[in-house]
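Novice:
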Amino acid sequence: MTTSLKSCDVLVLGGGPAGSSIGAMLAEKGWRVDVWEKDPHPRFHIGESLLPHTLPYLKQLGVLEQIERIGLQKFGAELVSPYHDEPVTLYFSGAMDKFHPYAFQVRRSEFDEILLRNCEKKGAHIREGFEAKSVDFSDSALATIYGTNAEGTGIRQQARYVVDATGRQTFLANQLHAKQRNLQHNSVSVFGHFEDVVRHEGNEEGNLTICWFEHGWFWIIPLPDGVTSVGMVCWPSYLKSRKGSLDEFFWETVKGSLAMTARLKKAKSIMPIVATGNYSYQSSVMTGSQYMLVGDAFSFIDPILSSGVHLALHGGIRGAEVVDAYLHGHAQAGQKARDFESAVKHGLKTYSWFIYRMTQPAFRNLAMAPKNWFRMHEAISSVLSGDVFGTTPVKLPILLFKGFYYLMAVLDLKANLVQYRRRKYAIDGESVAS
Ligand SMILES: Cc1cc2nc3c(=O)[nH]c(=O)nc-3n(C[C@H](O)[C@H](O)[C@H](O)COP(=O)(O)OP(=O)(O)OC[C@H]3O[C@@H](n4cnc5c(N)ncnc54)[C@H](O)[C@@H]3O)c2cc1C
52 MTTSLKSCDV LVLGGGPAGS SIGAMLAEKG WRVDVWEKDP HPRFHIGESL LPHTLPYLKQ
112 LGVLEQIERI GLQKFGAELV SPYHDEPVTL YFSGAMDKFH PYAFQVRRSE FDEILLRNCE
172 KKGAHIREGF EAKSVDFSDS ALATIYGTNA EGTGIRQQAR YVVDATGRQT FLANQLHAKQ
232 RNLQHNSVSV FGHFEDVVRH EGNEEGNLTI CWFEHGWFWI IPLPDGVTSV GMVCWPSYLK
292 SRKGSLDEFF WETVKGSLAM TARLKKAKSI MPIVATGNYS YQSSVMTGSQ YMLVGDAFSF
352 IDPILSSGVH LALHGGIRGA EVVDAYLHGH AQAGQKARDF ESAVKHGLKT YSWFIYRMTQ
412 PAFRNLAMAP KNWFRMHEAI SSVLSGDVFG TTPVKLPILL FKGFYYLMAV LDLKANLVQY
472 RRRKYAIDGE SVAS
């Protein structure tokens, strides 16, 4: 038996940051918005470190004060390298735009719930436990979405516009056979939540720590209630090399890093260690007159720059303008969609350049000895702050930084080539295997 629901203007699939933000913006504009979210909130989600330039989005959505109450202030990112004597902290206050000196570390269960309830408050109809299974676009006026509710009953609903915000489930990209593996990057992660991880003091307590090791890097994200999120990101081949359980593998890898051992010497795991894999992809389509893919549903590269929530909220807020134009039948809707697509791709491209090089010795050496020549350091701090969609003049200093990077790579050619080949082998080997 299938239950038909009243049709709506916009059906948003997924109630994470992308879905809740686009749903809130469109409901506020007066459209009838329904949101299907398969997992009732609050629910666990990884991705707890926010960026300073995300805060204006939260303000625009009307939730900044609530997020301030559940977040731990993060003033910068500490970089720890086994190849360098001292850690280095990059502070957001060092960015070109001095008005965004901090962000927050948040528990995603709380953060996502605030966003979803806000979306409901703005007038969207939230349907938790509803999972989208398929979509039919054969009628150019109304799409039909099929799914199930929490009781497993078949559900059908028609909508003038469908927003896919299903995150790494990539519902529409799968349906449209548009999901493309990222041939330049591939990594997996292993993570958990812990008590009694050693913290820094004062203003440094909430800082993110990135700690490189031979096969990748670790993150340490202190959460407000004393719990700490710790994870490692590595090549898939390293994960595949494990002999014992995931727990043993995680702790063995921690033991291989002096810095991580010092921080986790008394740490106790408070949830089972989890592994996620194969998460670098992009869809070949993003917008159409009846659908849009936002946030991770469109693309995901890697967590190292903590850019996922920022990109999801940017996509949700800006994407709402495009959907609004399509629903109004505005002649410029197509142009708005193209502008939106290039903004989203610009953000992804900006981050990708850094992500692809994070494990190269030349990159690490530059990061561990930051210099503000030609405002390079300020520009890098701006990118780390999420200042990639505004008018801050980061372009030239970033270009110079890239020039320095290539120069450093040439000066230490052997080490950089070895690492480049390892990386390429890890990616190509995985493509062949999958
Ligand atoms: C290991 C790791 C660490 C990360 N660390 C960070 C970090 O520190 N900072 C950061 O900003 N980002 C981080 N990210 C990325 C971040 O988690 C995502 O980019 C962000 O959550 C994207 O938001 P979204 O709304 O697009 O998707 P999601 O947050 O994944 O939301 C998608 C929602 O859709 C629902 N859904 C899925 N399928 C269906 C369906 N068929 N029907 C209905 N509902 C469905 C899901 O239940 C989910 O609630 C990390 C990612 C990984 C993998």
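Numbering (the numbering used here) for the sequence shown: 52 to 485.
C-beta: ideal position from N, C-alpha, C; glycine also.
(1) Which of helix, strand or coil does DSSP assign to residue 465?
(2) Determine the DSSP secondary structure at residue 319, reduced to helix, strand or coil.
(3) What does the alpha-carbon distance come out to for the pair residue 88 and residue 219?
(4) Mapping the DSSP letters down to three states, classify residue 230 as helix, strand or coil.
(5) Just the C-alpha distance for residue 244 and residue 320, rounded to the nearest angstrom, thanks.
(6) Would you call the segment 234 to 244 and the segment 106 to 114 in contact, with 3 or more CB pairs under 8 Å?
(7) Thinking just about the alpha-carbon of each residue, which of 476, 307, 152 is nearest to the one in residue 254?
(8) What's the gap between the Cα of residue 266 and the Cα of residue 394?
(9) Under the three-state reduction of DSSP, which class applies to residue 110: helix, strand or coil?
(10) If we call anything under 8 Å between Cβ atoms a contact, is residue 259 one with residue 336?
(11) Would you say the beta carbon of residue 87 is closer than 7 Å to some non-hydrogen atom of ligand 1?
(12) Less than 7 Å separating the Cβ of residue 133 from some heavy atom of ligand 1?
(13) Whole angstroms is fine: what's the gap from residue 447's alpha carbon to residue 60's?
(14) How big is the Cα-Cα spacing for residue 350 and residue 372?
(15) Using the C-alpha atoms, what's the distance from residue 168 back to residue 310?
(16) Near residue 53, what residues of its chain come up, given a Cβ to Cβ distance below 6 Å and the 5 sequence neighbours on each side ignored?
(17) Taking the beta strand (DSSP E) that residue 32 belongs to, which residues open and close that run?
(18) Mind reading off the beta-carbon distance from residue 458 to residue 406? Whole number of angstroms is fine, and I expect it under 8 Å.
(19) Quick check on this structure: which residue in 156, 82, 429, 62 has the alpha carbon closest to the alpha carbon of residue 486?
(20) Looking at residue 430 and residue 217, is the spacing between their C-beta atoms short of 8 Å?
Specialist: For this structure:
(1) Sequence index remark: in the sequence shown, residue 465 carries index 414 (1-based). Here residue 465 sits in helix by DSSP.
(2) As a first step, residue 319 must be located in the sequence shown, where it is residue number 268. In this structure, residue 319 counts as strand in the three-state DSSP scheme.
(3) Reading the sequence shown from its first residue, position 37 is the one you call residue 88. Reading the sequence shown from its first residue, position 168 is the one you call residue 219. When rounded, the distance between both Cα atoms is 14 Å.
(4) Here residue 230 is taken as the residue at index 179 of the sequence shown, counted from 1. In this structure, residue 230 counts as strand in the three-state DSSP scheme.
(5) Here residue 244 corresponds to residue number 193 of the sequence shown, with the count starting at 1. Here residue 320 corresponds to residue number 269 of the sequence shown, with the count starting at 1. Those two C-alpha atoms are separated by around 6 Å.
(6) no
(7) Stepping through the sequence shown from its first residue, residue 254 is reached at position 203. Among 476, 307, 152, the Cα nearest to that of residue 254 belongs to 152.
(8) Numbered from 1 along the sequence shown, position 215 holds the residue referred to as residue 266. Numbered from 1 along the sequence shown, position 343 holds the residue referred to as residue 394. Straight-line Cα distance between these residues: approximately 33 Å.
(9) Along the sequence shown, one-based indexing puts residue 110 at 59. Three-state DSSP puts residue 110 in a helix.
(10) By one-based count along the sequence shown, residue 259 stands at place 208. By one-based count along the sequence shown, residue 336 stands at place 285. Contact flag unset, no.
(11) Taking the first residue of the sequence shown as position 1, residue 87 is located at position 36. Yes, since a heavy atom of ligand 1 falls inside the 7 Å radius drawn around the Cβ of residue 87.
(12) Counted from its first residue, the sequence shown places residue 133 at position 82. No.
(13) Here residue 447 refers to the residue found at position 396 when the sequence shown is read from its first residue. Here residue 60 refers to the residue found at position 9 when the sequence shown is read from its first residue. Spanning the two alpha carbons is a distance of roughly 43 Å.
(14) Translated into the one-based positions of the sequence shown, residue 350 becomes position 299. Translated into the one-based positions of the sequence shown, residue 372 becomes position 321. Cα to Cα, the separation comes out at about 20 Å.
(15) Counted from its first residue, the sequence shown places residue 310 at position 259. Counted from its first residue, the sequence shown places residue 168 at position 117. Those two C-alpha atoms are separated by around 40 Å.
(16) Numbered from 1 along the sequence shown, position 2 holds the residue referred to as residue 53. Closer than 6 Å at the Cβ level, and outside the excluded window around residue 53, lie 205, 207.
(17) In the structure as shown, the chain begins at 52 and stops at 485. Residue 32 is therefore absent and cannot be evaluated.
(18) Residue mapping note: residue 458 aligns to position 407 of the sequence shown, counting from 1. Residue mapping note: residue 406 aligns to position 355 of the sequence shown, counting from 1. Not confirmed; about 20 Å, so no contact.
(19) The chain is shown only over 52 to 485; residue 486 falls outside these bounds and no answer can be derived.
(20) In the sequence shown, the residue the question calls residue 217 occupies position 166. In the sequence shown, the residue the question calls residue 430 occupies position 379. Contact: no.
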